[in-house]
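Quick note on numbering that gives the first Met the number 0: the sequence shown kicks off at 0 and runs consecutively.
To start, the structure under review is shown below, and the notes come after it.
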Amino acid sequence: MIVLKIGGSVVEGLHEDLIDDIGRKLDKGSIIVHGGGRLIDSLSSRFGMKQRVYTSVSGFKTRITDEQTLDLIKMVFAGKINKEVVSALLKHGLKAIGLSGVDGWLILAKRKNIIKIIDERGRKIVIHDDLSGRPIKINVNLLKLLISQGYIPVVAPIGISENGIILNLDGDRVAARIAGELGYRKLVILTDIMGVMVNGKLVKRIKAEEIDKYIEVTSGGMKKKLFACKEALSLGVREIVIASALRDKPLERAIRHLECTVITSE
0 MIVLKIGGSV
10 VEGLHEDLID
20 DIGRKLDKGS
30 IIVHGGGRLI
40 DSLSSRFGMK
50 QRVYTSVSGF
60 KTRITDEQTL
70 DLIKMVFAGK
80 INKEVVSALL
90 KHGLKAIGLS
100 GVDGWLILAK
110 RKNIIKIIDE
120 RGRKIVIHDD
130 LSGRPIKINV
140 NLLKLLISQG
150 YIPVVAPIGI
160 SENGIILNLD
170 GDRVAARIAG
180 ELGYRKLVIL
190 TDIMGVMVNG
200 KLVKRIKAEE
210 IDKYIEVTSG
220 GMKKKLFACK
230 EALSLGVREI
240 VIASALRDKP
250 LERAIRHLEC
260 TVITSE
């Protein structure tokens with residue numbers, strides 16, 4: 000059993016080979032988490048909505064989530080993308096069911112009180128009232144109930160706070176939290192690149208004690224993925240694979256550790 004995270008750069012154009020591969024290689028009891036940030040960017044531009052994406056003081060790329068952006072995220076993540084992924088799986092005979100972290104209190108999240116960013120001029124700025132957060136607790140009983148009935152849960156990365164506020168979440172951290180709380184040993188992250196790249200070369204193996212070093216030398220989306228991987232390891236996940244979905248039999252190749260980055264707890 001695994002948790003499979005499909006990145007936002009992949010879900011927009013789900014190709015038949017990926018769905019076929021999921022049908023062949025995804026074990027009973029596995030869970031899918033999807034992203035969707037790239038579609039948020041394109042739709043924001045189409046609707047004339049300005050997206051504010053900055054680098055945090057700690058070096059991570061951060062999307063500022065105001066009410067307007069959150070409305071779009073809810074429509075895209077819990078609506079369009081989630082249902083398209085579920086539909087593609089159903090067409091291939093897979094018993095998929097889509098839900099967001101809001102449904103049944105699936106993902107309890109803690110809101111970020113403030114976000115410290117660096118603006119275009121290099122100034123440090125504090126953002127208040129952002130509608131993003133981090134997952135802190137998973138309703139594992141709900142997931143186990145769905146799995147016991149033969150369903151493959153397909154989870155959109157939106158959470159809900161203790162006082163009922165819907166929050167934008169990072170999909171990789173959601174996948175890490177789900178894998179850890181369910182006691183799953185493996186997390187597979189499929190994205191649009193082969194894995195962790197340093198100086199143009201693929202890093203094939205990373206041990207737990209090395210992960211901070213690679214967080215320091217990477218940037219953008221990969222930096223955040225590695226931070227999520229660190230969280231997954233701390234929650235008891237034994238192995239994380241970061242691999243490209245844009246190739247033949249991507250899940251099979253990731254499981255076999257072919258042309259990817261494998262992060263291990265020891």
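Using N, Cα and C, we set each Cβ at its ideal position, and we do this for glycine too.
Nothing here was measured: the structure is a model prediction, and the numbers come from that model.
- Residue pairing by DSSP places P156 in no beta bridge whatsoever.
- The shortest CA-to-CA distance from S57 to any of V216, R51, L3, L232 is the one to V216.
- Pairing D26 with S160, the inter-Cα distance amounts to about 31 Å.
- Around the beta-carbon of G219, fewer than 16 other beta-carbon atoms lie within 10 Å, marking it exposed.
- Scanning A253, D191, E251, A175 for the CA closest to the CA of L232 turns up A175.
- 8 Å or more divides the Cβ of I116 from the Cβ of S43.
- Between the alpha carbons of K136 and L107 lies a gap of roughly 5 Å.
- In this structure, DSSP gives M221 a helical state, which the three-state scheme calls helix.
- Judged by their CB atoms, A253 and D171 are not nearer to each other than the 8 Å cut-off.
- In the three-state DSSP reduction, R237 falls in the coil class, being neither helix nor strand.
- Contact between H33 and I72 fails: their C-beta atoms lie close to 13 Å from each other, not under 8 Å.
- Distance between L141 and R122, taken at the CA atoms: about 44 Å.
- Contact annotation, V139 with G97: C-beta distance approximately 18 Å; criterion of less than 8 Å not satisfied.
- Under DSSP, A95 takes part in a beta bridge, and its partners are I151.
- DSSP places I63 outside both helix and strand once states are collapsed to three, so it counts as coil.
- For L189, DSSP records a beta bridge to I5, A242.
- The alpha carbon of S41 has as its nearest neighbour, out of I63, D19, S8, D20, the alpha carbon of S8.
- For D118 and Y53, the gap between their C-alpha atoms comes out near 7 Å.
- Shortest Cα-Cα distance from V84 to any of V125, L3, R45 involves L3.
- In the DSSP assignment, the residues bridged to N167 are S131, I157.
- Under the 10 Å beta carbon count, M74 is surrounded by fewer than 16 other beta carbons and is classified as exposed.
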